[in-house]
Every structure is written in C-alpha cells, then in structure tokens.
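Below: one structure, written as structure tokens.
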Amino acid sequence: MNCLSAFVFVAVLFSSCHAAILPSCTSNETVSSSAGTCSGDLAKFEYFGVNESGAEFGSDNIPGVLGTDYIFPSESSIDYFVDLGFNFFRLPFLLERLAPPATGITGAFDDDYLGLIKSTVEYVTGKGAYIAIDPHNYLIYNGATLTSTSDFQTFWTNLANEFVDNEHVIFDIMNEPYTVNASVVFNMNQAAIDGIRSTGATQLILAEGTSWTGAWTWTTSGNSDYFGNIKDSANNTAIEMHQYLDSDGSGTSATCVSSTIGAERLAAATAWLEETGLKGFLGEIGAGSNDVWFAFTQCSHESSAYNLFSMQAVFGALCSMQQSGVWIGASWWAAGPWWGTYFQSIEPPSGAAIADILPQSLEPFL
Numbered sequence: 324m325n326c327l328s329a330f331v332f333v334a335v336l337f338s339s340c341h342a343a344i345l346p347s348c349t350s351n352e353t354v355s356s357s358a359g360t361c362s363g364d365l366a367k368f369e370y371f372g373v374n375e376s377g378a379e380f381g382s383d384n385i386p387g388v389l390g391t392d393y394i395f396p397s398e399s400s401i402d403y404f405v406d407l408g409f410n411f412f413r414l415p416f417l418l419e420r421l422a423p424p425a426t427g428i429t430g431a432f433d434d435d436y437l438g439l440i441k442s443t444v445e446y447v448t449g450k451g452a453y454i455a456i457d458p459h460n461y462l463i464y465n466g467a468t469l470t471s472t473s474d475f476q477t478f479w480t481n482l483a484n485e486f487v488d489n490e491h492v493i494f495d496i497m498n499e500p501y502t503v504n505a506s507v508v509f510n511m512n513q514a515a516i517d518g519i520r521s522t523g524a525t526q527l528i529l530a531e532g533t534s535w536t537g538a539w540t541w542t543t544s545g546n547s548d549y550f551g552n553i554k555d556s557a558n559n560t561a562i563e564m565h566q567y568l569d570s571d572g573s574g575t576s577a578t579c580v581s582s583t584i585g586a587e588r589l590a591a592a593t594a595w596l597e598e599t600g601l602k603g604f605l606g607e608i609g610a611g612s613n614d615v616w617f618a619f620t621q622c623s624h625e626s627s628a629y630n631l632f633s634m635q636a637v638f639g640a641l642c643s644m645q646q647s648g649v650w651i652g653a654s655w656w657a658a659g660p661w662w663g664t665y666f667q668s669i670e671p672p673s674g675a676a677i678a679d680i681l682p683q684s685l686e687p688f689l
C-alpha cells in the first residue's frame with residue numbers, strides 16, 4: 324500500500340444552512356477519512372477551530388515582557404486556519420496582565436495588554452471568524468481563588484463593554500476552575516453572565532464548570548447539579564467542556580487510551596445536555612500518540628506524531644458530537660508560536676498535529 328494513499332481524505336458531503344445558536348442545522352450525510360466514517364443526521368458545528376495559545380504564558384512573570392514571557396498569535400497562523408475553512412479561535416490571556424493586581428480585578432485595564440487583545444480580536448473578526456476571549460486563570464487571581472461574585476461581575480461588565488459592538492466576539496467566562504465547589508463556580512458564572520448582559524451585549528457566552536470543566540466528569544463532579552439552572556436573558560449561553568484522551572484526561576501524556584475513548588468520554592455529558600436542553604461547546608480537545616506506529620501501511624510516516632488510535636479517537640468524538648445535535652462546536656488544543664515539538668501542537672506549518680490529525684480527524688467535520 325502506498326504511504327500517501329492510506330491517509331487520503333475519502334469523501335465529505337456538505338449541506339448549505341445558516342449558522343445560528345438555536346436550532347442547529349442538520350443534514351443526512353456521510354463524512355469519511357482514513358480515521359473513520361461518520362453518518363446520519365449530522366448537526367454541523369457553528370464554531371470550529373483552534374486555541375491560539377501564548378498570551379497566557381509566563382504566569383510567574385507579571386506583567387512580563389512581550390516576546391520574552393508571553394506572545395500573541397501570528398496573523399499567518401490565523402490566516403492558515405481561516406483559509407482551510409475554520410471559523411473559531413480561542414484566545415487565552417492572563418487576568419493579572421489585563422487587570423493589574425495593584426488596582427485589582429475591578430480596576431482599570433492595562434492599556435497595552437488590552438490593546439494586544441483587541442488587535443488579535445480585530446484581525447480575527449475582520450476575517451469573518453469568531454474569537455472567544457478566555458481569562459486562562461483557573462479561577463485564581465494574584466495567587467488567591469476568586470470568590471466575590473460582585474467583583475467578578477464588575478470585571479466582566481468592564482470587559483464586555485470593550486467588545487459589546489463586535490458580534491463575532493465570544494465571552495469565555497473562566498478557564499478550568501478546579502478544587503472549587505461546583506456551586507461556587509456556578510455562582511461566579513451566573514454573576515459574569517449578568518454583568519455581560521447588563522452592557523447590552525448579546526453575543527455567545529461560554530460557561531465552564533469545576534474539575535477542569537471535564538466532559539468525562541461533568542455528571543460526577545457536581546457540575547450537573549447546578550449548571551442546568553443557568554439563566555441568560557439573551558438565551559445565548561453554551562456550556563463549555565474540555566476533554567483529553569490520555570489515561571487521566573489531563574492532556575499531559577502522548578498516549579491515547581483507545582480508538583473509541585473520545586466518544587466514550589463525551590457520552591454522559593452529551594446525555595446531560597440532551598436532558599437539560601442546553602448547548603455544549605468543547606473548548607479544548609487533544610490527543611497524543613502511542614508507541615505503535617502505522618504498521619498496517621508497511622511504510623514509515625516520519626512526519627506524523629499520531630497513530631491510528633489518536634486519529635480514530637478524535638474523529639469518533641467529533642462524530643458523536645455532530646450526531647447528537649447538542650454541541651455547537653469544538654476547538655483543538657492548541658496552536659501558538661511557542662509550542663515547538665509539543666505533541667498536540669497544530670501551529671503551522673509543522674506542528675505535530677498538522678500532518679494527520681488536521682486532515683483526517685478535524686477537517687472532515689468542517
């Protein structure tokens with residue numbers, strides 16, 4: 324078997340429909356690649372893309388130096404994904420750089436850092452794509468867990484006011500709270516939603532739960548006990564979950580558990596979304612590689628860091644999401660200029676996920 328032929332994109336059949344939060348557009352179709360085949364009434368993702376990581380780097384150095392401690396995404400990286408047809412980017416940033424500890428989370432924003440965020444936002448949205456601005460702080464600010472709903476509401480009121488007129492900006496309330504009770508995290512999310520809506524902003528909001536907002540633990544971590552009660556006057560909030568496919572779900576190992584682990588780990592969360600009538604968004608998904616290479620091809624594939632397990636697991640996860648109709652999108656972790664040889668890097672032109680995961684597991688679901 325020819326090496327290249329084993330990885331050729333077999334077939335994708337698309338329907339034409341207008342993207343909206345509710346309802347999702349569906350069509351009876353089949354998408355296929357060497358990673359698998361997905362068929363049925365598929366709800367095409369309204370938001371599909373990548374995390375553009377870097378502005379949250381160097382958290383031990385506040386405020387830090389641009390280009391030394393942290394970096395913003397390159398325009399060429401954004402262009403690459405837009406040209407492929409992706410329409411979503413998630414931009415992690417640090418609260419302490421935007422709202423300096425000297426004046427606190429309710430204080431004035433740092434003009435330079437806010438300007439860098441705005442520059443990226445304007446570039447992405449100028450391309451017609453969407454961008455989620457994501458305080459990547461785990462509900463921790465200046466070394467302490469955030470618990471004041473009034474302070475957090477003020478912060479998000481202030482930030483939403485900066486982007487209220489850009490309909491392609493999405494508000495991602497807080498990245499991956501952990502070791503905090505789900506009730507506290509829920510209340511902080513509700514306060515943020517109330518603050519955002521008080522500005523007149525109607526854009527999509529993404530609410531994350533505790534326990535790293537893991538999809539596979541959503542119904543056991545306490546999140547499912549509270550987040551079904553979320554209230555949004557604009558009826559435009561989705562529940563953001565994250566899912567990695569290594570043994571502990573952390574995304575720190577390059578070993579993917581099995582070819583079916585993606586769909587398996589999303590199953591309970593999908594059922595909960597169906598029961599509550601809420602929409603889900605998979606804000607981070609990633610997988611690595613096992614030690615077994617593509618032996619079935621009987622030839623080397625040195626440019627790839629991924630094996631068939633990872634390709635199939637990611638493909639299966641996204642297939643199950645589109646078949647369910649309750650997920651509005653997903654984004655891969657991660658692109659970004661400083662990832663180097665990181666096994667989940669999708670930074671063009673040569674990130675580890677570019678060769679196989681991108682064409683075989685992600686692009687079929689555009």
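Numbering-wise, the working numbering puts 341 at position 18 of the sequence shown, and it's gapless, one number per residue.
In this text, a Cβ means the ideal position worked out from N, Cα and C, and glycines have one as well.
Per-residue DSSP class, three states only, for residue i
i, result
"residue 527", "coil"
"residue 403", "helix"
"residue 691", "A query on residue 691 cannot be resolved here, the shown segment of the chain reaching from 324 to 689 and no further."
"residue 675", "coil"
"residue 366", "strand"
"residue 613", "Since pLDDT at residue 613 reaches only 43, below the 50 mark, its modelled position is unreliable, and no value is offered."
"residue 689", "coil"
"residue 384", "coil"
"residue 398", "helix"
"residue 630", "coil"
"residue 581", "coil"
"residue 324", "Residue confidence for residue 324 is low, a pLDDT of 37 falling below 50, so the modelled location carries little weight; the figure read from the coordinates is stated next. In the structure shown, residue 324 sits in coil (DSSP, three-state: anything other than H, G, I, E or B)."
"residue 607", "strand"
"residue 639", "helix"
"residue 656", "strand"
Run of the beta strand (DSSP E) containing residue i, from where it starts to where it stops
i, result
"residue 373", "370 to 375"
"residue 357", "Unbroken run through residue 357: none, as it is neither H nor E."
"residue 567", "560 to 567"
"residue 414", "411 to 416"
Residue environment, residue i, which counts as buried when at least 16 other CB atoms sit within 10 Å
i, result
"residue 410", "buried"
"residue 775", "It is not possible to answer for residue 775, since the shown part of the chain is limited to 324 through 689."
"residue 664", "exposed"
"residue 388", "exposed"
"residue 650", "buried"
"residue 467", "exposed"
"residue 598", "exposed"
"residue 351", "exposed"
"residue 458", "buried"
"residue 431", "exposed"
"residue 470", "exposed"
"residue 558", "exposed"
"residue 498", "buried"
"residue 506", "exposed"
"residue 548", "exposed"
"residue 512", "buried"
Residue i, enclosing alpha helix (DSSP H) - first and last residue
i, result
"residue 589", "584 to 599"
"residue 440", "434 to 449"
"residue 668", "It is not in any alpha helix (DSSP H) - residue 668 carries neither H nor E in the DSSP assignment."
"residue 546", "546 to 549"
Below-8 Å beta-carbon distance, residue i vs any chain B residue
i, result
"residue 458", "Annotation note: the requested chain B is absent from the structure, which comprises a single protein chain."
Query raised in the report: What are the uninterrupted segments assigned as alpha helix (DSSP H) that are 4 or more residues long and contained completely in the region 454 to 523, given in chain order?
Result: 472 to 486, 505 to 521, all fully within the region 454 to 523.
**Report entry** Inter-stretch contact at 8 Å, needing at least 3 Cβ pairs: the region 540 to 553 / the region 518 to 525
**Finding:** Counting C-beta pairs with one atom in each stretch, the region 540 to 553 and the region 518 to 525 have fewer than three that are closer than 8 Å, which means they do not touch.
**Report entry** Segment contact, 8 Å Cβ cut-off, at least three pairs: the region 396 to 405 with the region 418 to 432
**Finding:** With the cut-off at 8 Å, the region 396 to 405 and the region 418 to 432 do not touch.
Requested in this report: Mind the definition here: the region 452 to 460 touches the region 473 to 492 only if three or more C-beta pairs lie below 8 Å; say whether that holds.
Outcome: The region 452 to 460 is in contact with the region 473 to 492.
Requested in this report: Decide if the region 633 to 651 is in contact with the region 358 to 373; the criterion is three or more beta carbon pairs, one per stretch, under 8 Å apart.
Outcome: They touch, by the three-pair rule.
Query raised in the report: With a cut-off of 8 Å, do at least 3 Cβ pairs link the region 585 to 595 to the region 662 to 677?
Result: The region 662 to 677 and the region 585 to 595 do not touch, with fewer than three beta-carbon pairs separated by less than 8 Å.
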